[in-house]
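Trainee: For what it's worth, UniProt numbering labels the leading residue of the sequence shown as 1, then goes sequentially.
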Amino acid sequence: MDIYVYSDESGVFDKKHNDFFVFAGLIFIGKKSKDEKSRMYKKAEDSLKKIESIKPDQEVKASKISIKGKNKLFRSLNNFYKFGIVITQKELLDQIFTNKKDKQRYLDFAYKIAVKRALQQLIRKKIIFPDEVENIHFFIDEHTTATNGRYELKEALESEFKRGTYNANWNKYHEPIFYSLKDVKLEFCNSKSKLLVRASDIIANKIFYLANNNKFEKISKINNLFFCKLP
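(1) With burial defined as no fewer than 16 other Cβ atoms inside 10 Å of the residue's Cβ, what is the status of N169: buried or exposed?
(2) Please identify the residue among K126, L186, Q120 and E158 whose C-alpha is closest to the C-alpha of E142.
(3) Roughly how many whole angstroms lie between the Cα atoms of E175 and L77?
(4) Taking DSSP as the reference, what is the three-state secondary structure of G30?
(5) By how many angstroms is the C-alpha of E52 removed from the C-alpha of F178?
(6) Going by the CB atoms, is the gap between R150 and F188 shorter than 8 Å?
(7) Starting from K229 and walking both ways along the beta strand (DSSP E), at which residues does that stretch end?
(8) Please state whether DSSP places Y166 in a helix, a strand or coil.
(9) Taking the CB atoms as reference points, tell me whether L114 and F23 lie closer together than 8 Å.
(10) Which of the three DSSP states, helix, strand or coil, is assigned to Y179?
(11) Can you tell which of D2, Q58 and A62 has the C-alpha that lies nearest to the C-alpha of I203?
(12) E9 and K192 look like a contact to me (Cβ under 8 Å); what is the Cβ gap, rounded to whole Å?
(13) At which residues does the beta strand (DSSP E) containing N135 begin and terminate?
(14) Kindly indicate which residue of R39, I123, R198 and F138 has the alpha-carbon position closest to the one of I65.
(15) How is the beta strand (DSSP E) around D2 delimited, first residue to last?
(16) So, helix, strand or coil for L210, using DSSP?
(17) Where are the alpha helix (DSSP H) runs, 4 residues long or more, that stay fully inside the region 30-97, in chain order?
(18) Excluding five sequence neighbours on each side, which residues of the same chain lie with their C-beta closer than 8 Å to the C-beta of N205?
(19) For E91, which residues of its own chain have a beta-carbon under 6 Å away from its beta-carbon, when the five flanking residues on both sides are left out?
(20) Would you kindly work out how many angstroms separate the C-alpha atoms of V184 and K43, rounded to a whole number?
Here it is as structure tokens:
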């Protein structure tokens, strides 16, 4: 069985001018579920295009549609497994923001934590059985990550889910979540060509809006959302 993870981000990772940064997305268990849910979201997106007079070839992004439209698309994702993480930037060490590499390393850590905790909860709920998972496919909205940064994220995900990790002193080993995992696949993609990355944009936008309005209780009540905060 394969797991498919689609994700996007919302906010700017800049402690001086921004309070929050969000990663969010969707998790699908098996290709059949992914394809079925994809058709459902496509139907909702096409319907919204007609309502808001959006051209058929135009991308539906949260930043370009009405509040009513965003809520309509978000409701269409009610029965999808979702994950999200909110980073409260003012609580982070200043050193994290001193250079691009440290910033990217922290964002990779946050992303990995968000996905890991969501998958762990799905395992606890017996929705995922670890020994049945063969591959995990990650589809991430492309941004300014350099080529070597993309490689480092793939390495971090492989360590977490396939090989296992060590603590900072290398004296404790943490086993991987999936013992039979064959491969971790990572693709950075243009949301214009990836429907479910666009759906992830809607989720990230919603969580970002609620966080900025200090409505964390509402975030925690979102149906089928596995949510956590950092630091």
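Glycine included, each C-beta is placed from N, C-alpha and C at the ideal position.
Remember, predicted model here, so these are calculated numbers, not experimental data.
Mentor: Walking through what the data contain:
(1) Counting of Cβ neighbours within 10 angstroms places N169 among the exposed residues, the total staying below 16.
(2) L186
(3) 33 Å
(4) coil
(5) 43 Å
(6) yes
(7) L225 to L230
(8) strand
(9) First, the amino acid is wrong: residue 114 is Ala here, not Leu. For A114 and F23, yes; Cβs fall inside 8 Å.
(10) For Y179, the secondary structure class from DSSP, reduced to helix, strand or coil, is coil.
(11) A62
(12) So it is not a contact: roughly 16 Å between Cβ atoms.
(13) The continuous beta strand (DSSP E) containing N135 extends over residues N135 to D141.
(14) R198
(15) D2 to S10
(16) helix
(17) 31-51 and 67-76
(18) S10, A62, S63 and K70
(19) P231
(20) 30 Å
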